[in-house]
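A.B. asks:
Protein chains: 2
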Amino acid sequence: MTVTSVHDPSHREALWELEDAFERGDLVSVFGRCTVSYEGRAASDLGAGDRLLVLKPDGAALVHTDEGRQPVNWQPPGSEHHAAVREGRLRVRSTRDNPDETLTVRFERVHQLSAMAVTGGRDLELHGSEEDLRTRILERPDLVETGFEPRETERPSSAGPMDIFGVDADDTPVVVELKRRRVGPDAVGQLARYVRALKEELGVDDESDAEDAPAVRGILVAPSVTDRAAERLADRRFDHVALEPTPAE
Amino acid sequence: MTVTSVHDPSHREALWELEDAFERGDLVSVFGRCTVSYEGRAASDLGAGDRLLVLKPDGAALVHTDEGRQPVNWQPPGSEHHAAVREGRLRVRSTRDNPDETLTVRFERVHQLSAMAVTGGRDLELHGSEEDLRTRILERPDLVETGFEPRETERPSSAGPMDIFGVDADDTPVVVELKRRRVGPDAVGQLARYVRALKEELGVDDESDAEDAPAVRGILVAPSVTDRAAERLADRRFDHVALEPTPAE
DNA sequence: AGATAGATGTCGTCT
DNA sequence: AGACGACGTCTATCT
Chain A
-16 MTVTSVHDPS HREALWELED AFERGDLVSV FGRCTVSYEG RAASDLGAGD RLLVLKPDGA
44 ALVHTDEGRQ PVNWQPPGSE HHAAVREGRL RVRSTRDNPD ETLTVRFERV HQLSAMAVTG
104 GRDLELHGSE EDLRTRILER PDLVETGFEP RETERPSSAG PMDIFGVDAD DTPVVVELKR
164 RRVGPDAVGQ LARYVRALKE ELGVDDESDA EDAPAVRGIL VAPSVTDRAA ERLADRRFDH
224 VALEPTPAE
Chain B
-16 MTVTSVHDPS HREALWELED AFERGDLVSV FGRCTVSYEG RAASDLGAGD RLLVLKPDGA
44 ALVHTDEGRQ PVNWQPPGSE HHAAVREGRL RVRSTRDNPD ETLTVRFERV HQLSAMAVTG
104 GRDLELHGSE EDLRTRILER PDLVETGFEP RETERPSSAG PMDIFGVDAD DTPVVVELKR
164 RRVGPDAVGQ LARYVRALKE ELGVDDESDA EDAPAVRGIL VAPSVTDRAA ERLADRRFDH
224 VALEPTPAE
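Quick note, the sequences are listed as chains A and B, same order.
Numbering of the first sequence is given in my numbering, commencing with residue -16 and proceeding in unit increments.
Numbering of the second sequence is given in my numbering, commencing with residue -16 and proceeding in unit increments.
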């Protein structure tokens, strides 16, 4: 059998089951009334309440309430789970180094504990990412602009790698920044850094950087931009090309 | 009793339990072998395997494998859960509008299904946040610099609200940007936008913005900065003050 | 509803 | 191990 499960166990019973599950490398879920405290990158305390504790064999720990996509407390993979009975109660502790942090869950009562040996696919096939957008442009550069010629992807610069580097119909260098969804001002800042770095690298002076024909162009490719982002694009004389990661149906 | 739990139920049994749990507003966990597909902001497919499905009464749905802090698939709060038996199998679907997205989990087999009525504390007391850092500085402005005087927090500007606005010992305006942990170049860009906005607002011309005494100063308060961030700070003639959100023990 | 910035963000990738 | 940027980021706050 792949699943073990106990209903309303004593704290000591719960401890045995937990230790066995850790030993087997099971994925564990514990329903119960507990308090939670965390100390590490920050520090937090959570009063008594019913929660779901998930313990993974890779060291991840998650404490979920009845609300939210995010766990109310957690510990990243690579941590170590320890269970014990202290003062007559089940205590589960998950710790890691670098940074030093500890998550402690103290159960007043355990309602349900289940453990399962996990097998099977872990590989997610995801479509619609920034990489899809890059592929799309490399296959059809004219989607960016007539005459646009990609020269390099992930081109290094002193400001980090730029998404796509190329030239336009006039052979002017072009830095393309890709975003898979609507963007705010931060993306323009990122593009500006790459353009500035490339200008420095090419030794462009302010003279040759004419009002109507910049020496290095910046193009932000994204489905859409916020008003503030549009302002900043105009300030910097960058262009925006509206494009989705995947063709509209 | 607050918890209901079934072991190796038939798909139809599982369906009844799920519908009851939705009705009661329970927090639900399902262990089983399933395939998962998502369609919405992106699209993804996940082949058969053992996973833990968590369904929350607020509409959140999480699919967890045995690895990682993040669910391999999910649906945010506000979604609607629907369960059905299709082709002899339990199918759980979670949908929402704006954006339109759907998560579908098809179970080949349900190993364990538990549901719990959740009561009790949801309020987390968290320490060590950016707000703690702000409080710390407002109580002891000299931690930033001798003579520093905070005047306003969240002061509005055309580039958005700045964390702390104040003046230094020479009555020069100071924009303070707070970060709770080590920062990269992006934080400097953010600070630069606020400083530029304030200069424009105050009508500072390049004349009065002397080499050694800027008309508006920028200070980045963070535990530490990366090399690249330090360069960009130097370029802009901004200062860095090393400070933690909470005093070191 | 959209916009903006924080987060114990997490996660992959590259140096 | 640190740095950097993407993410179906999520989440709170403000307009």
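Just so it is clear, CB atoms sit at the ideal spot from N, CA and C, and this is done for glycine as well.
Which class does Ala198 of chain B belong to by DSSP, given the choice of helix, strand or coil?
C.D. replies: Note: Ala198 of chain B maps to coil in three-state DSSP.
A.B. asks: Could you give the distance in angstroms between the alpha-carbon of Met145 of chain B and the alpha-carbon of Val157 of chain B?
C.D. replies: If you take the alpha carbons of Met145 of chain B and Val157 of chain B, they lie about 10 Å apart.
A.B. asks: Just to confirm, are Gln95 of chain A and Ser140 of chain B a CB contact at a threshold of 8 Å?
C.D. replies: Not a contact, by the Cβ cut-off of 8 Å.
A.B. asks: Measure the C-alpha to C-alpha separation of His(-6) of chain B and Val11 of chain B and round it to an integer number of angstroms.
C.D. replies: Computed Cα separation, rounded: 16 Å.
A.B. asks: In the DSSP assignment, find the unbroken alpha helix (DSSP H) run with Asp218 of chain A in it and report its ends.
C.D. replies: Residues 210 to 218.
A.B. asks: With 8 Å set as the bound, which would you pick, yes or no: does the beta-carbon of Pro139 of chain A sit closer than that to a beta-carbon of chain B?
C.D. replies: Not closer than 8 Å to any Cβ of chain B, the Cβ of Pro139 of chain A fails to qualify, so no.
A.B. asks: Just to make sure I have the definition right: I need the residues of chain B whose C-beta is within less than 8 Å of the C-beta of Met99 of chain A. Which are they?
C.D. replies: What Met99 of chain A touches in chain B: Phe14, Asp33, Leu35, His94, Gln95.
A.B. asks: Measuring alpha carbon to alpha carbon, tell me which residue in B:Ser20, B:Ala26, B:Arg16, B:Tyr21 is nearest Arg34 of chain B.
C.D. replies: It is B:Arg16 whose Cα lies nearest to the Cα of Arg34 of chain B.
A.B. asks: Could you tell me if Arg200 of chain A is buried or exposed, where buried requires 16 or more neighbouring beta carbons within 10 angstroms of its beta carbon?
C.D. replies: Counting Cβ neighbours within 10 Å, Arg200 of chain A comes out buried, since at least 16 surround it.
A.B. asks: Which whole-angstrom value describes the C-beta separation of Ser62 of chain B and Ala44 of chain B, a residue pair presumed to lie in contact below a C-beta threshold of 8 Å?
C.D. replies: That belief holds up - the Cβ atoms of Ser62 of chain B and Ala44 of chain B are roughly 6 Å apart, short of 8 Å.
A.B. asks: Tell me the DSSP bridge mates of Arg233 of chain B?
C.D. replies: There is no way to answer for residue 233 of chain B, as the model of chain B reaches only from -16 to 232.
A.B. asks: Helix, strand or coil for Gln53 of chain B? Go by DSSP, reduced to three states.
C.D. replies: Correct three-state label for Gln53 of chain B: coil.
A.B. asks: Run through DSSP, which three-state label would Asp240 of chain B get?
C.D. replies: An answer regarding residue 240 of chain B cannot be provided, because it is not within the stretch -16 to 232 covered by chain B.
A.B. asks: Along the chain, where does the beta strand (DSSP E) that runs through Ala225 of chain B open and close?
C.D. replies: Ala225 of chain B -> beta strand (DSSP E) spans 222 to 225.
A.B. asks: Can a CB atom of chain B be found closer than 8 Å to the CB of Pro(-14) of chain A?
C.D. replies: A small correction: the amino acid at residue -14 of chain A is Val; Pro does not occupy that position in the sequence shown. Closer than 8 Å to some Cβ of chain B, the Cβ of Val(-14) of chain A qualifies, so yes.
A.B. asks: Which residues, in chain order, does the region 110 to 122 of chain B contribute to contact with chain A at a C-beta distance below 8 Å?
C.D. replies: Those residues of the region 110 to 122 of chain B that come within reach of chain A (Cβ to Cβ, closer than 8 Å) are His110, Gly111, Ser112.
A.B. asks: Val166 of chain B and Ala205 of chain B: beta carbons closer than 8 Å?
C.D. replies: Contact: yes.
A.B. asks: Once the 5 residues before and after Arg211 of chain B are set aside, which same chain residues still bring their CB inside 6 Å of it?
C.D. replies: Within the same chain, Arg211 of chain B has close Cβ partners Pro168.
A.B. asks: Which residue comes first and which comes last in the alpha helix (DSSP H) that contains Glu113 of chain B?
C.D. replies: 113 to 122 is the span of the alpha helix (DSSP H), which, as asked, contains Glu113 of chain B.
A.B. asks: Between Arg24 of chain A and Glu84 of chain A, what straight-line distance do the alpha-carbon atoms span, to the nearest angstrom?
C.D. replies: Those two C-alpha atoms are separated by around 7 Å.
A.B. asks: Kindly confirm or deny that the region 75 to 89 of chain B and the region 43 to 60 of chain B touch, where touching means at least three C-beta pairs closer than 8 Å.
C.D. replies: Counting Cβ pairs under 8 Å, three or more are found: they touch.
A.B. asks: Is there a Cβ from chain A that is less than 8 Å from the Cβ of Val55 of chain B?
C.D. replies: Judged by the 8 Å Cβ criterion, Val55 of chain B is in contact with chain A.
A.B. asks: Quick one: is His47 of chain A near chain B, going by C-beta distance under 8 Å?
C.D. replies: For His47 of chain A, the answer is yes, since a Cβ of chain B falls inside 8 Å of its Cβ.
A.B. asks: On the three-state DSSP scale, how would you describe Arg165 of chain B?
C.D. replies: Coil at Arg165 of chain B, not helix or strand.
A.B. asks: Identify the continuous beta strand (DSSP E) that holds Arg105 of chain A and give its terminal residues.
C.D. replies: Per DSSP, Arg105 of chain A belongs to no beta strand (DSSP E) and is neither H nor E.
A.B. asks: Residues bridged to Asp28 of chain B by DSSP?
C.D. replies: DSSP output for Asp28 of chain B lists A:Glu108, B:Ser20 as bridge partner(s).
A.B. asks: Identify the continuous alpha helix (DSSP H) that holds Ala4 of chain B and give its terminal residues.
C.D. replies: -6 to 7 is the extent of the alpha helix (DSSP H) around Ala4 of chain B.
A.B. asks: Could you run through the region 73 to 85 of chain A and flag, in chain order, every residue whose CB is less than 8 Å away from some CB of chain B?
C.D. replies: If the cut-off is 8 Å between Cβ atoms, the region 73 to 85 of chain A has nothing near chain B.
A.B. asks: Could you list which residues in chain A have their beta carbon closer than 8 Å to that of Gly51 of chain B, in chain order?
C.D. replies: Within chain A, the residues near Gly51 of chain B are Lys39, Asp41, Ala43, Pro60.
A.B. asks: Would Glu0 of chain B pass as an interface residue toward chain A - the criterion being a Cβ-Cβ separation below 8 Å?
C.D. replies: Glu0 of chain B does not count as touching chain A.
A.B. asks: For Ala66 of chain B, report the span of its beta strand (DSSP E) as first-last.
C.D. replies: That run of the beta strand (DSSP E) goes 63 to 69.
A.B. asks: To which residues does DSSP link Arg72 of chain B through a beta bridge?
C.D. replies: Its beta-bridge partners are B:Arg69.
A.B. asks: Would you mind telling me which residues of chain A sit closer than 8 Å to Val4 of chain B, beta carbon to beta carbon, in chain order?
C.D. replies: Checking the sequence shown, residue 4 of chain B turns out to be Ala, not Val. Correct list: empty, because the minimum Cβ distance to chain A is about 12 Å.
A.B. asks: Measure from the alpha carbon of Pro197 of chain A to the alpha carbon of each residue in A:Leu216, A:Ala142, A:Thr48, A:Phe221, then state which is nearest.
C.D. replies: Ranking the options by Cα distance to Pro197 of chain A, first place goes to A:Phe221.
A.B. asks: Going by DSSP in three states, Glu128 of chain A sits in which element: helix, strand or coil?
C.D. replies: The answer is coil: DSSP assigns Glu128 of chain A none of H, G, I, E or B.
A.B. asks: Can you look up Ala43 of chain A in the DSSP assignment and give me helix, strand or coil?
C.D. replies: Residue state, collapsed to three classes: coil.
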